[in-house]
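J.: Let me begin by handing over the structure; questions about it come next.
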Amino acid sequence: MTTLYDNHGRPITYVRLAVTDRCNLRCFYCMPEEGIRYLPKKQLLTFEEIERLISILASLGISKVRLTGGEPFVRNDLMKLINRISEIPGIQDLHLTTNGVLTAPYVPELKKLGIASVNLSLDTLDKSRFHAITRRDEFEPVMRTLNLLLEHKIPVKINAVVMDGKNIDDILPLIEFSRNNAVDIRFIEEMPFNGEGNHYPTLNWTYRKILQYIEQHYPTLTKIPDAAFSTSYNYKIPGYTGSVGVIAAFSRTFCGTCNRIRLTAQGTLKTCLYDDGVLDVRQLLRNGANDEQIKQQLLKAFTSRSKDGFEAERKRVNQSPASESMSTIGG
Ligand code: SAM
Ligand code: SF4
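Those letters in the sequence shown? Residues 22 to 352, per our numbering, in order.
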């Protein structure tokens, strides 16, 4: 398989696909509590369209797929889609990002079909703070999912958004969870994708500040090599089973090695998290374009990518600066 490169010499090997924009939580950093306008069902890519698109992407050299949303398990028959994608020739790694509310019953099947890893979003280990952050009382099912993932030895990363004044006290308990559990705890800078339109001029809890805070409490924190194309800076604490990572999602320090593209639930291609969509793939699919025509349009988009998230944000046509809900982007 030949590797596809963008106009900045970066290989493109990874697609993140949102299967829905709907969610059963209302994390305040992601969605407003009320007034969300979900996409009508007919605007979502169908399973057949998703399968066709991923096959086309696989033929271009994409080998890694992550399903995300919205909350992926809110989409009916998600496991059918996951099974179908796992059988597409060329797709070597299938990953999932979930909030864990509905996930537990599907863990054995995920294991059986060989899911490569699951990212679980969990910003606190405190039930009442979980409620305050997500505006829903769903802590127990999420913990059930986490425990089942560990029991089934599915590689798990916990993604925790670091929110000024909201969950700083949760950083250390989350790290302590990795003492005896094989889990990577990754702290993410809060981005402006909350669907509210309030944008920070400066971010207080930057990845540097998060890291300093962790180092103060764990002076033995040791840098470990980051995997190729990793978005996180990764560390070990001697004696701890798991690891700790920090993701500079707002500072955007990882753009130089970005190998990923995104497809929103309505089939809009994003070649950067911060762009506002560069190609309406659903329209191509529904207007009868053949595979070759779709490939050509995708290649055109891949070879005119912004250099980084700052350039992508500057070039936005709609909703500038970026403020749409992460649930519509496919985080
Ligand atoms: N619902 C699933 C979940 O929460 O895991 C998948 C979709 S969610 C949009 C994907 C990831 O985006 C989550 O890990 C979430 O924490 C992250 N996210 C959402 N809004 C964010 C924001 N404003 N800043 C940083 N990360 C955010
Ligand atoms: Fe839902 Fe995930 Fe957004 Fe939370 S972060 S509101 S779980 S889509």
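We put the beta carbon where it would ideally sit given N, CA and C, even for glycine. As the structure is a computational prediction, the values presented were derived from the model and not from experiment.
Check for me: the alpha helix (DSSP H) holding F68 runs from which residue to which?
T.: Here residue 68 refers to the residue found at position 47 when the sequence shown is read from its first residue. Taken as a continuous stretch (DSSP letters only), the alpha helix (DSSP H) holding F68 covers 68-80.
J.: For D301, which option in C293, Y295, T285, L294 has the closest C-alpha, if you only look at C-alpha atoms?
T.: Taking the first residue of the sequence shown as 1, we reach residue 301 at position 280. Of the listed residues, the one whose Cα sits closest to D301 is T285.
J.: When DSSP labels each residue in this structure, what does K328 get in the three-state scheme?
T.: What you label residue 328 is simply residue 307 of the sequence shown in a count that begins at 1. Here K328 sits in coil by DSSP.
J.: Please go through the same chain and pick out, in chain order, the residues whose beta-carbon is closer than 6 Å to the beta-carbon of G121, but skip the five residues on each side of it.
T.: By 1-based counting over the sequence shown, the position of residue 121 is 100. Excluding sequence neighbours, G121 sits near L141, V163, T166.
J.: Take the Cβ of I350 as the centre, count every other Cβ of all protein chains shown within 10 Å, and call the residue buried at 16 or more, exposed below.
T.: Residue 350 sits at position 329 when you count from the first residue of the sequence shown. Classification for I350: buried.
J.: For the structure I just gave you, are there three or more beta carbon pairs, one from the segment 103-114 and one from the segment 328-340, closer than 8 Å?
T.: As far as the Cβ criterion goes, the segment 103-114 does not touch the segment 328-340, which means the pair count is below three.
J.: Look at E313 and P53 and say whether their C-beta atoms are less than 8 Å apart.
T.: As a first step, residue 313 must be located in the sequence shown, where it is residue number 292. As a first step, residue 53 must be located in the sequence shown, where it is residue number 32. No, the pair does not count as a contact, with Cβ atoms beyond the cut-off.
J.: Any idea which residues DSSP pairs G266 with across the strands?
T.: Within the sequence shown, numbered from 1, the residue matching residue 266 stands at position 245. For G266, which the question treats as bridged, DSSP gives the partners R207, N255.
J.: R47 and R156 - do their beta-carbons sit closer together than 8 Å?
T.: Here residue 156 refers to the residue found at position 135 of the sequence shown. Here residue 47 refers to the residue found at position 26 of the sequence shown. Cβ distance < 8 Å, so R156 and R47 count as in contact.
J.: In this structure, how does DSSP classify I179 when only helix, strand and coil are distinguished?
T.: Counted from its first residue, the sequence shown places residue 179 at position 158. The answer is strand: DSSP assigns I179 an E or B state.
J.: Give the secondary structure of H152 by DSSP, where H, G and I count as helix, E and B as strand, and everything else as coil.
T.: In the sequence shown, residue 152 corresponds to position 131, counting from 1. Helix.
J.: Here's the rule: buried if 16 or more other CB atoms are within 10 angstroms of the residue's CB, otherwise exposed. What is S149?
T.: Here residue 149 is taken as the residue at index 128 of the sequence shown, counted from 1. Classification for S149: exposed.
J.: Is any non-hydrogen atom of the ligand SF4 found closer than 7 Å to the C-beta of T207, if you look at the structure I gave you?
T.: As a position in the sequence shown, residue 207 is number 186, starting the count at 1. Note that residue 207 is Arg in the sequence shown here, rather than Thr. False, no ligand heavy atom lies under 7 Å from that Cβ.
J.: Is it true that the segment 281-297 meets the segment 253-268, where meeting means three or more beta-carbon pairs spaced less than 8 Å apart?
T.: Verdict: no, contact absent.
J.: I282 and I33: beta carbons closer than 8 Å?
T.: Mapped onto the sequence shown, residue 282 falls at position 261. Mapped onto the sequence shown, residue 33 falls at position 12. Yes, they are a contact pair.
J.: If you count every other CB in all the chains shown that lies within 10 Å of the CB of M100, and 16 or more means buried, which is it?
T.: Looking up residue 100 in the sequence shown gives position 79. The residue is exposed, with fewer than 16 neighbouring Cβ atoms inside 10 Å.
J.: Just to confirm, does T223 get its C-beta within under 7 Å of one of the non-hydrogen atoms of the ligand SAM?
T.: Translated into the one-based positions of the sequence shown, residue 223 becomes position 202. No, the ligand SAM has no heavy atom inside 7 Å of this Cβ.
J.: Which residues bound the alpha helix (DSSP H) around K316?
T.: Here residue 316 is taken as the residue at index 295 of the sequence shown, counted from 1. It spans 312-323 - the alpha helix (DSSP H) in which K316 sits, taken as one unbroken run.
J.: So, at 7 Å on beta carbons, what are the nonlocal neighbours of K316 in its own chain, with the 5 sequence-adjacent residues on each side left out?
T.: Taking the sequence shown and counting its residues from 1, the one referred to as residue 316 is at position 295. Answer for K316: I77, L81, listed in chain order.
J.: Just to confirm the assignment, what range does the beta strand (DSSP E) spanning S387 have?
T.: Residue 387 falls outside the range modelled here, since the chain spans only 22 to 352, and no answer is possible.
J.: If you pair each beta-carbon of the segment 124-136 with each one of the segment 168-180, do three or more pairs fall below 8 Å?
T.: Yes, since at least three Cβ pairs between the segment 124-136 and the segment 168-180 fall closer than 8 Å, the two stretches touch.
J.: How about C51: is its Cβ closer than 7 Å to a heavy atom in the ligand SF4?
T.: Walking along the sequence shown from the start, residue 51 turns up at place 30. Answer for C51: yes, Cβ within range of the ligand SF4.
J.: Which value, in whole angstroms, describes the spacing of the CA atoms of S199 and K187?
T.: Counting from 1 along the sequence shown, the entry for residue 199 is found at position 178. Counting from 1 along the sequence shown, the entry for residue 187 is found at position 166. Their Cα atoms are separated by approximately 21 Å.
J.: Under 7 Å from any heavy atom of the ligand SAM, does the C-beta of F68 make it?
T.: Walking along the sequence shown from the start, residue 68 turns up at place 47. For the ligand SAM, not one heavy atom lies less than 7 Å from the Cβ of F68.
J.: Tell me which residues share the same chain as G31 and place their Cβ nearer than 7 Å to its Cβ, disregarding the 5 neighbours each side in the sequence.
T.: Taking the first residue of the sequence shown as 1, we reach residue 31 at position 10. Here residue 31 turns out to be Arg, not Gly, going by the sequence shown. Only T278, C279, N280 meet the Cβ criterion.
J.: Closest to T227 by CA distance: which of K63, E161, E211, Y239 is it?
T.: Residue 227 sits at position 206 when you count from the first residue of the sequence shown. Of the candidates K63, E161, E211, Y239, the one whose C-alpha sits nearest the C-alpha of T227 is E211.
J.: Over the uninterrupted alpha helix (DSSP H) stretch that includes V86, give me the two end residues.
T.: Sequence index remark: in the sequence shown, residue 86 carries index 65 (1-based). Per DSSP, V86 belongs to no alpha helix (DSSP H); it is in the beta strand (DSSP E), 85-89.
J.: Suppose you measure from the CA of G90 to the CA of I245; what does that come to, to the nearest Å?
T.: Start at 1 with the first residue of the sequence shown, and residue 90 comes out as number 69. Start at 1 with the first residue of the sequence shown, and residue 245 comes out as number 224. Using only the alpha carbons, I get a separation of about 30 Å.
J.: Can you list, in chain order, the residues of its chain with a C-beta nearer than 7 Å to that of T262? Leave out the 5 residues immediately preceding and following it.
T.: Locating residue 262 in the sequence shown gives position 241, counting from the first residue. Excluding positions up to five away in sequence, the list reads S199, R200, N201, N202, A203.
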